[in-house]
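According to the numbering used here, the sequence shown is numbered sequentially starting from 624. Even for Gly, the Cβ is constructed at its ideal location relative to N, Cα and C. Heads up, the thing below is written out as structure tokens.
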Amino acid sequence: MITRRQAITSFGVAGFGLLLSKVTPELTGINAQAAPLEFYSLEEITSTLETGFEIEDFDFVGESRLANPQDALLELNRMNELNSEFSNRIDYKDASQCTDQFKNWESSWRNSGINYFTNVQRSKLDKDVAFLLGGYYNAKAWSNFIGATQYQSKPAVQLKGDTAGILAVSAHTFNQEFSPGPAEFARSGTLVSTPQNNFDQTGDYIGSTYSTPNTTVIHYAKPVRVGRQNFNKGLVGVRRKNSADQWKLKGLYV
Numbered sequence: 624m625i626t627r628r629q630a631i632t633s634f635g636v637a638g639f640g641l642l643l644s645k646v647t648p649e650l651t652g653i654n655a656q657a658a659p660l661e662f663y664s665l666e667e668i669t670s671t672l673e674t675g676f677e678i679e680d681f682d683f684v685g686e687s688r689l690a691n692p693q694d695a696l697l698e699l700n701r702m703n704e705l706n707s708e709f710s711n712r713i714d715y716k717d718a719s720q721c722t723d724q725f726k727n728w729e730s731s732w733r734n735s736g737i738n739y740f741t742n743v744q745r746s747k748l749d750k751d752v753a754f755l756l757g758g759y760y761n762a763k764a765w766s767n768f769i770g771a772t773q774y775q776s777k778p779a780v781q782l783k784g785d786t787a788g789i790l791a792v793s794a795h796t797f798n799q800e801f802s803p804g805p806a807e808f809a810r811s812g813t814l815v816s817t818p819q820n821n822f823d824q825t826g827d828y829i830g831s832t833y834s835t836p837n838t839t840v841i842h843y844a845k846p847v848r849v850g851r852q853n854f855n856k857g858l859v860g861v862r863r864k865n866s867a868d869q870w871k872l873k874g875l876y877v
């Protein structure tokens, strides 16, 4: 017998995709709900949906373009007031206790063909936030942009694929909707763990959950319709950690 508390621990926000897969065609007009999403296990969600449960924990606040990895990583750099100068060597003087972790990412990236890098840099908004970017340059064009970010004593986490784009959208949404200070804004674009992939009951990938020092971010990756608008990259939701705030949702397109 799984208790409600055990269900929260086991499933966390993994049911988000299941919820949205049921409600995204009807998202217009969604308002506040007293109980945060984490209070329901997947079994409870499925059961209540079958009996007409209305999901009102989401506040749809607009739309955003999901940037490609290069543009998104450079935007995260800009958000943190960092320079975007690349060379074939990395200065680690600002890496502090995470030097070895960043060097491990450098080694892995060089082995995959990445040949130009920024230095490890500390955010001008929060010195506990550090970034490293890399890319492949062939004298004509850039490609294969990738990054890593680190907070305090947490591990340095790789930013690849759509991860940087999701973080850029969610950080700007957090800034827009919650009016945080500069340091909180920087933290909201900084991963502290590897993203958790979420799957529906048939085993199909539906999106990922991202953890920053101060926010939880959900990406529902399947195309959805909100009112008359189609979002081919799904939805991104953000809210403060350990709070009963609404999820602030934006539709994503490319």
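Cβ neighbour criterion (16 or more within 10 Å) applied to residue i
i      : result
Val859 : buried
Trp728 : buried
Tyr828 : exposed
Glu807 : buried
Thr825 : exposed
Arg688 : exposed
Asn821 : buried
Ala762 : exposed
Ser831 : buried
Asp714 : exposed
Gln773 : buried
Integer Cβ distance of residue i from residue j, believed to fall under 8 Å
i      : j      : result
Ala794 : Gly770 : Not quite, the Cβ-Cβ distance comes to about 14 Å (not below 8 Å), so this is no contact.
Arg741 : Ser707 : The sequence shown places Thr at residue 741, not Arg. Indeed they touch by this definition, with Cβ atoms about 7 Å apart.
Val849 : Arg810 : The pair is not a contact, with the Cβ atoms about 28 Å apart (cut-off 8 Å).
Asp682 : Gln869 : 4 Å
Own chain, CB closer than 6 Å to residue i, minus 5 neighbours either side, in chain order
i      : result
Val861 : Ser793, Thr796, Phe797, Thr838, Val840 and Lys871
Phe725 : Ala718, Val743, Leu755 and Ala779
Lys783 : Ile769
7 Å Cβ shell around residue i - same chain, five flanking residues per side excluded
i      : result
Ala791 : Ala690, Ala695, Glu698, Leu699 and Gly812
Gly685 : Lys873
Ser816 : Val780 and Ser834
Trp732 : Gly757 and Ile769
Gln819 : Ser831 and Thr832
Phe801 : Arg863
Val712 : Residue identity differs from the one stated: residue 712 is Arg in this sequence, not Val. Nothing listed; no residue qualifies.
Ile789 : Tyr833, Val840, His842 and Val859
Val877 : Arg688, Leu689, Asn855 and Lys856
Spatial neighbours of residue i in its chain, beta-carbon cut-off 8 Å, leaving aside the 5 residues before and after
i      : result
Glu846 : Checking the sequence, you will find Pro at residue 846 rather than Glu. Contacts found: Asn853, Phe854, Asn855, Lys856 and Gly857.
Gln720 : Ser776
Pro803 : Phe797, Ser811 and Asn837
Check: residue i C-beta below 8 Å from any heavy atom of the ligand ADP
i      : result
Glu800 : The ligand ADP is not part of the structure shown, which contains no ligands of any sort.
Three-pair Cβ contact test at 8 Å for the segment 703-711 versus the segment 746-756: yes
Every unbroken beta strand (DSSP E) within the segment 788-832, with a cutoff of 3 residues, ordered by chain: 819-822
Cβ contact check for the segment 730-743 and the segment 756-775: 3 or more pairs under 8 Å: yes
Length at least 3, wholly inside the segment 738-783: the beta strand (DSSP E) runs in chain order: 752-760, 765-774 and 780-782
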